[in-house]
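Counting from 4, one number per residue, gives the positions in the sequence shown under my numbering.
All C-beta atoms, glycine included, are put in the ideal place defined by N, C-alpha and C.
Here's the structure we're looking at; comments come further down.
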Amino acid sequence: MIKVNILNLTGFLDTINQCRGHVSMLAPDGAKVNITRQYGVQHELAKQYQKNGKSLPLTLFFEEPKDYLAVVSYYAGDC
């Protein structure tokens with residue numbers, strides 16, 4: 004699990020969509036929602052991102068350790 008604050012949604016989603024396993028976010032109701040290649044969910048995230056002034060705090064869960072490393076590497080390089 005990792006908590007992130009997304010400032011570049013396009014790059015973040017490009018990275019997420021390259022992941023092999025499911026990357027899930029923690030929804031407000033406590034449910035885990037897969038966001039990997041889930042374009043409807045990603046569209047809703049984009050709406051929230053715009054509403055928040057181009058910032059999106061997320062709690063993420065990963066099936067694959069390599070996906071975790073890919074997202075952390077992207078996130079660290081995008082700061």
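- Nearest to CYS22 by alpha-carbon distance, out of LEU10, TYR71, PRO60, is TYR71.
- When secondary structure is reduced to three states using DSSP, LYS35 falls in the strand class.
- The three-state reading of DSSP puts ASN55 in coil, since its state is none of H, G, I, E or B.
- Rounded to whole angstroms, LYS35 and THR13 show a C-alpha spacing of 21 Å.
- Between ASN20 and SER58, the C-beta spacing is not below 8 Å.
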